[in-house]
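Peer 1:
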Amino acid sequence: MQTNLINGEGAIPPKESPTTEKHAHVHIAVEKYATFLELELIHSRIGALSNLRLPRFGPYLKKLCLRQNVITYLDPEIMDELVELEELDLYDNKVKTVGDSLRKMKKLKILDLSFNLLKSVPEGLAGVPTLKTVFFVQNKISKINNLEPLVNLTSLELGGNRLRKIENLDALVNLEELWLGKNKITKLENLGTLKKLRILALQSNRITKIENLEGLESLEELYLSHNGVKKLEGLEQNTTLKTLDVGSNFIEAIENIAHLSHLEEFWANGNKIPNLLSLELQLSHIKTLETIYLEGNPCQMDEMAGYRRKIILTLPQLKQIDAT
Numbered sequence: 001m002q003t004n005l006i007n008g009e010g011a012i013p014p015k016e017s018p019t020t021e022k023h024a025h026v027h028i029a030v031e032k033y034a035t036f037l038e039l040e041l042i043h044s045r046i047g048a049l050s051n052l053r054l055p056r057f058g059p060y061l062k063k064l065c066l067r068q069n070v071i072t073y074l075d076p077e078i079m080d081e082l083v084e085l086e087e088l089d090l091y092d093n094k095v096k097t098v099g100d101s102l103r104k105m106k107k108l109k110i111l112d113l114s115f116n117l118l119k120s121v122p123e124g125l126a127g128v129p130t131l132k133t134v135f136f137v138q139n140k141i142s143k144i145n146n147l148e149p150l151v152n153l154t155s156l157e158l159g160g161n162r163l164r165k166i167e168n169l170d171a172l173v174n175l176e177e178l179w180l181g182k183n184k185i186t187k188l189e190n191l192g193t194l195k196k197l198r199i200l201a202l203q204s205n206r207i208t209k210i211e212n213l214e215g216l217e218s219l220e221e222l223y224l225s226h227n228g229v230k231k232l233e234g235l236e237q238n239t240t241l242k243t244l245d246v247g248s249n250f251i252e253a254i255e256n257i258a259h260l261s262h263l264e265e266f267w268a269n270g271n272k273i274p275n276l277l278s279l280e281l282q283l284s285h286i287k288t289l290e291t292i293y294l295e296g297n298p299c300q301m302d303e304m305a306g307y308r309r310k311i312i313l314t315l316p317q318l319k320q321i322d323a324t
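Using UniProt numbering, the letters of the sequence shown map in sequence onto residues 1 to 324.
Following this line, the structure appears as structure tokens:
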């Protein structure tokens, strides 16, 4: 039997006798004999967990979503009772610290603390090795640390923070997705142990060189737009790449990518590429290529009418050229 409570509206099967609580203008319907429960109280002006009487859900609560509230404190005594929780979503609150609030959550797989006030990765994560997906988007985190025990982690999102260096990721050998966009990172480094990484996203940072990616033998998507990259290089070992995004950089030539035989999307818009002469040598033989973005380069602005025609003749396998 399953009960979903979305914004306090419970889907209660007939002939059941629910109990009802009211808090912050939201009705919480609780099925007496529920074995599975998702509780969502979004944008409900909740400031204190104590008023929700969450421990009563402890034996069966799998997902707790308290997005867009004003929660500042995660009371360990309350959180300790949520031993069956698998997903905790506190996106857009006022949380500054996690402390020991996660210590009893031995089944937690997904944690979202995006858009809060965290200044560091919580030390309390050490007690939750079951975590697979973690979101810390748009906080005030300045260093990547306290993640070593999370050996089962497959997705880590730290975009929109204050990071300056990629570090302390060696133990995350099962990581498949790493999102570090919109930080202040200056160098690609310390990624060698991430053999299972499929997606690496570092848009809007301060990277000037593509390097140190040879260990990423499973990499399929690389996002480096809005950086300071001057040359296409350093991808010799990344033969599994399907998406390469180097838009809005300072690249002057399409080169060193002819070996990317599985490439499907190539984004190099907004660079300094002067002509289309290298397209045939670098990309014409890649039959999987479907999308290319080169708008905003001198090769487009100078040739205008003949620009698209030249690309089509050189790369007839394409399905999309630029945004149109």
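Ideal Cβ placement from N, Cα and C applies to all residues, glycine included. Because the structure is a prediction, the values reported are computed rather than measured.
What runs of the alpha helix (DSSP H), each 4 residues or longer, lie entirely inside the segment 222-294?
Peer 2: Entirely contained in the segment 222-294, the alpha helix (DSSP H) runs reaching 4 residues are, in chain order, 279-283.
Peer 1: Rounded to a whole number of angstroms, what is the C-alpha to C-alpha distance between residue 322 and residue 191?
Peer 2: Between residue 322 and residue 191, the C-alpha separation is close to 31 Å.
Peer 1: How is residue 70 classed by DSSP in three states: helix, strand or coil?
Peer 2: Here residue 70 sits in coil by DSSP.
Peer 1: Under 6 Å Cβ to Cβ from residue 161, same chain only, skipping five residues before and after it: list those, please.
Peer 2: Excluding residues within five positions, the ones whose Cβ falls inside 6 Å are 139, 141 and 183.
Peer 1: Compare the beta carbon distance of residue 53 and residue 69 with 8 Å and say whether it is the shorter of the two.
Peer 2: Result no, Cβ atoms of residue 53 and residue 69 do not sit closer than 8 Å.
Peer 1: How is residue 133 classed by DSSP in three states: helix, strand or coil?
Peer 2: Three-state DSSP puts residue 133 in a strand.
Peer 1: Nearest CA to the CA of residue 85: which residue from 128, 117 and 296?
Peer 2: Ranking the options by Cα distance to residue 85, first place goes to 128.
Peer 1: For a test of the three-state rule: what should DSSP assign to residue 61, helix, strand or coil?
Peer 2: Here residue 61 sits in strand by DSSP.
Peer 1: Beta carbon of residue 118: closer than 7 Å to some heavy atom of the ligand FAD?
Peer 2: With respect to the ligand FAD, the structure offers nothing, as it holds no ligand at all.
Peer 1: Which residue from 210, 238 and 242 puts its Cα closest to that of residue 228?
Peer 2: Closest by alpha carbon: 210.
Peer 1: Is DSSP giving residue 201 helix, strand or coil here?
Peer 2: Strand, per DSSP.
Peer 1: Once the 5 residues before and after residue 130 are set aside, which same chain residues still bring their CB inside 7 Å of it?
Peer 2: Cβ within range, chain order: 106, 107, 108, 109 and 152.
Peer 1: Terminal residues of the continuous alpha helix (DSSP H) containing residue 311?
Peer 2: Where residue 311 is concerned, the enclosing alpha helix (DSSP H) stretches over 305-314.
Peer 1: Our contact map puts residue 218 next to residue 203 with C-beta atoms below 8 Å; I'd like the distance itself, whole angstroms only.
Peer 2: About 20 Å; that fails the 8 Å criterion.
Peer 1: Taking a contact to mean a Cβ-Cβ separation below 8 Å, would you say residue 243 touches residue 264 in this structure?
Peer 2: For residue 243 and residue 264, yes; Cβs fall inside 8 Å.
Peer 1: What separation, rounded to the nearest whole angstrom, lies between the Cα atoms of residue 324 and residue 295?
Peer 2: If I take the Cα positions, the gap works out to 10 Å.
Peer 1: Please report the distance separating the alpha-carbon of residue 56 from that of residue 288.
Peer 2: Cα-Cα distance, rounded: 54 Å.
Peer 1: What are the start and end residues of the alpha helix (DSSP H) that includes residue 77?
Peer 2: Where residue 77 is concerned, the enclosing alpha helix (DSSP H) stretches over 76-79.
Peer 1: Check this for me: beta carbons of residue 172 and residue 194, under 8 Å apart or not?
Peer 2: Closer than 8 Å, so yes.
Peer 1: In the structure shown, what three-state DSSP assignment does residue 173 receive?
Peer 2: Coil at residue 173, not helix or strand.
Peer 1: Could you work out which residue in 275, 168 and 122 is closest to residue 97 when comparing CA atoms only?
Peer 2: Closest option to residue 97, Cα to Cα, is 122.
Peer 1: According to the Cβ coordinates, are residue 197 and residue 178 closer than 8 Å?
Peer 2: Yes.
Peer 1: Using the DSSP secondary-structure output, state which residues sit across from residue 320 in a beta bridge.
Peer 2: According to DSSP, residue 320 bridges with 291.
Peer 1: Assuming residue 301 is part of the alpha helix (DSSP H), what are its boundary residues?
Peer 2: Note, residue 301: alpha helix (DSSP H), 298-301.
Peer 1: Indicate the three-state DSSP secondary structure (helix, strand or coil) for residue 123 in the structure shown.
Peer 2: Residue 123: helix per DSSP, three-state reduction.
Peer 1: Are the CB atoms of residue 145 and residue 168 nearer to each other than 8 Å?
Peer 2: Taking 8 Å as the Cβ cut-off, residue 145 and residue 168 qualify as a contacting pair.
Peer 1: Report all residues from its chain with a CB closer than 8 Å to the CB of residue 132; omit the five preceding and five following residues, and keep chain order.
Peer 2: Around residue 132: 109, 110, 152, 153, 154 and 155.
Peer 1: Decide if residue 205 is buried, meaning its Cβ has at least 16 other Cβ atoms within 10 Å, or exposed.
Peer 2: The residue is buried, with at least 16 neighbouring Cβ atoms inside 10 Å.
Peer 1: On the CB-based measure, 16 or more other CB atoms within 10 Å of its CB, does residue 201 come out buried or exposed?
Peer 2: Answer is buried; the Cβ neighbour count reaches 16.
Peer 1: For the candidate residues 59, 88, 65 and 94, whose alpha-carbon lies nearest to that of residue 72?
Peer 2: Looking at the Cα atoms, 94 is the closest of the given residues.
Peer 1: For residue 286 and residue 311, which I take to be in contact (beta-carbon distance under 8 Å), what is that distance rounded to the nearest angstrom?
Peer 2: Not confirmed; about 14 Å, so no contact.
Peer 1: Beta-carbon within less than 7 Å of residue 24's beta-carbon, same chain only, minus the 5 sequence neighbours each way: which residues are those?
Peer 2: Unreliable positioning characterises residue 24 in this predicted model, as indicated by a pLDDT of 42, which lies under 50. The coordinate reading is nonetheless provided below. Excluding residues within five positions, the ones whose Cβ falls inside 7 Å are 44, 45 and 46.
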